[in-house]
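Notes to accompany the following structure.
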Amino acid sequence: HILAILVVCLLFANSSQFLQKLFCSGSHEKWIPCKSDCIQDTCKYVGRPVSCLEVIPCSPGCVCEIGFARKNESAPCKPVLECLF
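All letters in the sequence shown, in the order written, are residues -15 to -1, 1 to 70 by mature numbering (1 follows the signal peptide of the UniProt record, and there is no 0).
This is how it looks when you write it as structure tokens:
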């Protein structure tokens, strides 16, 4: 039983890194366990305040790292400066 508990603990300890590599394969993407609609990582929202309710349910997903955004929701993360062109 102790070995099984140890294996489960090791799996959960590395699950964030594992899930990031599995689902967020693009450069400058990161996996977060609770992505809400409040997180807007497309060029459309760069420099604009995003108003939303924090009570909105969330789900796991990929987001762009700070300083990066997508041209559209399915595009790869690029430097925010590229949103201007």
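The beta carbon of each residue, even a glycine, is placed where N, CA and C say it ideally should be.
* For my contact list, H13 and C62 are in at a C-beta cut-off of 8 Å; report their separation, rounded to the angstrom. => The residue you call residue 13 lines up with position 28 of the sequence shown. The residue you call residue 62 lines up with position 77 of the sequence shown. Sure, about 4 Å apart at Cβ, within 8 Å.
* Taking Cβ to Cβ, would you say V65 is nearer than 8 Å to K15? -> Your numbering for residue 65 matches position 80 in the sequence shown. Your numbering for residue 15 matches position 30 in the sequence shown. At least 8 Å separates the beta-carbon of V65 from that of K15.
* Closest to residue 156 by CA distance: which of G11, I24, S10, F70 is it? -> As displayed, the chain neither begins before -15 nor continues past 70, which places residue 156 out of reach and without an answer.
* Asked: Straight-line CA distance for C37 to C19?
  -> Within the sequence shown, residue 37 is the residue found at index 52, counting from 1. Within the sequence shown, residue 19 is the residue found at index 34, counting from 1. A direct Cα-Cα distance of roughly 15 Å separates C37 from C19.
* Reduced DSSP secondary structure (H/G/I, E/B, other) of K29 -> By one-based count along the sequence shown, residue 29 stands at place 44. The answer is helix: DSSP assigns K29 an H, G or I state.
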